[in-house]
Amino acid sequence: MEHLTKELKEITQIPGISGYEEKVREKLIEWIEPFADYKVDRIGNLIVELGEGKEKAVFMAHIDEIGLLITGITNNGKLKFRKIGGIDDRLLIGRHVDVITENGKLDGIIGVTPVHLNLERKFDTIPWHALEIDIGAESKEEALSLGVKPLDYAVFKKHFAVLNKRYVATRSLDDRFGAVALFEAIKDLVDHDLNGKFIFAFTVQEEIGLKGAKFLAEHYSPEFAFAIDSFACCSFLTGDVKLGSGAVVRAVDNSAVYTRKLAKRVVGIAEKNGIPLQIGVTGGGTDASVFQHKSEVLALSVPIKYLHSEVEMLHLDDLDALIKLIEAIVFEL
């Protein structure tokens with residue numbers, strides 16, 4: 040599992056909100072180049088095609104993350120922003136952020152009124168539009184001189200933790216674990232004769248409306264389309280699914296009731312190959328849903344606790360099971 044931990048750490052620590060994925064894409068190209076040919080399409084999806092002939096399946100993992108887009112600079116040097124993707128306002132206050140400029144990175148913080156000065160004792164959630172990023176500048180001119188400008192962006196400060204040798208917790212596991220899973224599958228499959236063409240796509244702009252996948256759906260018509268994406272866990276909605284019990288078939292979410300026939304087939308493939316697999320229902324949506332008009336579709340996942348926060352958490356055994364499942368599906372299809 041050490042190589043998975045190492046890859047997760049390397050890829051999650053790279054900033055890249057929706058529309059700004061280039062740094063993540065560059066790292067993945069660095070990984071892929073020794074093993075397989077690749078291309079980048081017009082919207083920015085990174086694509087690897089293995090095998091020849093009929094388009095059998097596409098596997099997609101998105102490489103963008105949630106974050107903050109800088110929209111302006113106040114006269115006293117603070118940065119105004121808007122949220123990109125689904126961020127709970129409760130998670131913004133009192134946070135360290137990395138402000139990503141064209142020339143580098145600046146430390147920033149989103150401040151909080153001290154309890155000592157909160158005379159009205161109001162602790163309501165402060166909406167995002169009432170908050171600012173403090174980069175230590177005292178004027179708009181000083182902020183600009185530090186290299187930041189509108190349309191730069193910020194992400195939560197990245198910290199990577201391995202808990203009890205089994206769990207990884209960090210920001211942007213959603214969906215960089217999916218990128219690791221696809222990369223591992225590509226490495227293992229590249230030297231095999233495959234029955235048809237299999238497309239592995241590292242997609243962009245998923246968090247703001249599945250934009251990269253929609254572009255793919257205009258250019259590919261595979262028999263099967265799989266999203267490799269997070270399974271938000273765990274609550275009454277997600278039933279018996281839990282971390283450490285295997286990969287997950289994300290059978291239903293807010294974007295799709297996925298193809299039941301394909302779900303059953305994947306369950307059979309997992310059983311045949313001794314791969315631990317769970318089946319569940321969760322919220323959110325995935326890239327696979329945009330292929331529903333032309334392909335059998337399914338979302339494959341690992342359960343992730345605390346999704347869309349700084350402390351997203353997965354079990355390494357589940358990721359290992361997911362990689363084995365992707366490879367088994369390719370061989371069985």
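Per this note's numbering, the sequence shown starts with residue 40, numbered consecutively.
Even for Gly, the Cβ is constructed at its ideal location relative to N, Cα and C.
(message) By DSSP's criteria, Val97 is part of a beta bridge. Which residues make up the other side?
(response) Ile238 and Ala264
(request) Kindly confirm or deny that the stretch 112-130 and the stretch 166-180 touch, where touching means at least three C-beta pairs closer than 8 Å. (result) yes
(request) Take Glu366 and list the residues in its own chain whose beta-carbon comes closer than 8 Å to its own, dropping the five residues that flank it on each side. (result) Ala224, Asp227 and Leu228
(request) Could you give the DSSP three-state label for Ser348: helix, strand or coil? (result) coil
(message) With the cut-off set at 8 Å, would you say Val136 and Val194 are in Cβ contact?
(response) yes
(request) Name the two residues that bound the continuous alpha helix (DSSP H) containing Lys144. (result) Where Lys144 is concerned, there is no enclosing alpha helix (DSSP H), although the beta strand (DSSP E) it sits in stretches over Gly143 to Ile149.
(message) Within the continuous beta strand (DSSP E) that includes His135, where are the two ends?
(response) Arg134 to Thr140
(request) Taking Gln331 as the reference, give the member of Phe74, Tyr297 and Gly324 with the closest Cα. (result) Tyr297
(request) Go to Lys45, then tell me how far its alpha helix (DSSP H) extends in each direction, as first and last residue. (result) Glu41 to Thr51
(message) Bridge partners for Ala271 per DSSP, in chain order?
(response) Ile343
(request) From the DSSP output, in three-state form, read off His198 for me. (result) coil
(request) Tell me whether Gly217 sits in a helix, a strand or coil according to DSSP, three-state version. (result) helix
(message) Once the 5 residues before and after Gly283 are set aside, which same chain residues still bring their CB inside 8 Å of it?
(response) Arg205, His354, Asp356 and Asp357
(request) Tell me where the beta strand (DSSP E) around Leu355 begins and ends. (result) Unbroken run through Leu355 is the alpha helix (DSSP H), Leu355 to Glu371; no beta strand (DSSP E).
(message) Could you check whether Tyr192 and Ile102 sit closer than 8 Å to each other, using their CB atoms as the reference points?
(response) no
(request) Spatial neighbours of Glu368 within its chain, please: CB distance less than 7 Å, with the 5 preceding and 5 following residues excluded, ordered by chain position. (result) Checking the displayed sequence, the identity of residue 368 turns out to be Ile instead of Glu. Hits under 7 Å: Val305 and Ile308.
(request) Return the first residue and the last residue of the alpha helix (DSSP H) that Glu246 is part of. (result) Neither: Glu246 is in no alpha helix (DSSP H) and is coded neither H nor E.
(request) Put Val187 into one of helix, strand or coil per three-state DSSP. (result) coil
(request) Specify the secondary structure class of Phe330 as computed by DSSP and reduced to three states. (result) helix
(message) Let's test the definition: count the other Cβ atoms within 10 Å of the Cβ of Ala156 and tell me whether it reaches 16, buried, or not, exposed.
(response) At residue 156 the sequence reads Leu, which differs from the Ala that was named. Result: exposed.
(message) Tell me which residues share the same chain as Leu183 and place their Cβ nearer than 8 Å to its Cβ, disregarding the 5 neighbours each side in the sequence.
(response) Ile112
(request) Express the C-alpha separation of Thr44 and Arg299 in angstroms, rounding to a whole number. (result) 33 Å
(request) Compute the beta-carbon to beta-carbon distance between Ser274 and Ser340, rounded to the nearest angstrom, for a pair I have assumed lies under 8 Å. (result) With 8 Å as the limit, Ser274 and Ser340 do not qualify as a contact, their Cβ atoms being about 15 Å apart.
(request) Specify the secondary structure class of Ala309 as computed by DSSP and reduced to three states. (result) helix
(request) Have a look at the DSSP bridge pairing and note the partners of Phe120. (result) Ile109
(message) Taking the beta carbon of Phe265 as the centre, do at least 16 other beta carbons fall within 10 Å, making it buried, or is it exposed?
(response) buried
(request) Using a threshold of 8 Å, state whether the C-beta atoms of Ala218 and Thr209 are closer than that. (result) no
(request) Locate the beta strand (DSSP E) running through Ala176, then write down its first and last residues. (result) Here Ala176 belongs to no beta strand (DSSP E), and DSSP marks it neither H nor E.
(request) Just confirm the distance between the C-beta atoms of Asp173 and Ile343, as a whole number of angstroms; I'd bet it's less than 8 Å. (result) With 8 Å as the limit, Asp173 and Ile343 do not qualify as a contact, their Cβ atoms being about 31 Å apart.
(message) On a Cα-Cα basis, can you pick out the residue from Val287, Ser211 and Val151 that is closest to Glu245?
(response) Ser211
(request) Could you name the residues of the same chain whose beta carbon sits closer than 7 Å to that of Pro54, not counting the 5 residues immediately before and after it, in chain order? (result) Lys62, Asp137, Ile139 and Val194
(message) For Ala302 and Val288, which I take to be in contact (beta-carbon distance under 8 Å), what is that distance rounded to the nearest angstrom?
(response) 5 Å
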